[in-house]
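Here the sequence shown stands for residues 0 to 90, where the numbers follow numbering that gives the first Met the number 0. Ideal Cβ placement from N, Cα and C applies to all residues, glycine included. Note that this is a predicted model, so its numbers are computed, not measured. Note sheet for the following structure.
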Amino acid sequence: MQPRTVLFVGLAGVHATIAWIWAGTSTLGPAIAATIYGPLFVLDALRLPVFGNGASGGWAAPSVPGWVCVVLFWAAVWWGVAALLARLCRR
């Protein structure tokens, strides 16, 4: 397996594990929410349907296309970081 692929799986796996374990805690909860809602706010400004119907006075949950966009965004970020690290380690 290529080093880039191994690095990508490792980085994305760590990100997903941290999000899964510490999402409800008060220390990392806001940071994890920012990794989800940050990209969605940008896409919402472009008028893409990334949010579902929200409760009155509350935050709207991401819609299915919203979750797909979040996963694709972070996959692209971690793939880019893995490619850069693999290139730096090769030299």
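Local conformation of residue i per DSSP, three classes
i: Pro61; result: strand
Straight-line Cα distance separating residue j from residue i
i: Thr16; j: Gly37; result: 19 Å
i: Leu45; j: Ala82; result: 29 Å
i: Ala11; j: Pro61; result: 20 Å
i: Trp66; j: Val49; result: 8 Å
i: Asn52; j: Val63; result: 12 Å
i: Ala33; j: Met0; result: 32 Å
i: Leu42; j: Ala59; result: 14 Å
i: Ala75; j: Gly57; result: 30 Å
CB-CB length for residue i against residue j, believed under 8 Å
i: Pro2; j: Cys88; result: 7 Å
i: Cys138; j: Leu27; result: Outside the modelled stretch of the chain, which goes from 0 to 90, sits residue 138, for which no answer is possible.
Beta carbon of residue i nearer than 8 Å to that of residue j
i: Trp77; j: Phe7; result: yes
Reference residue i, options the options, closest by Cα
i: Ile31; options: Val41, Thr4, Trp19, Val80; result: Trp19
i: Leu71; options: Ala85, Gly9, Ile35, Ser25; result: Ile35
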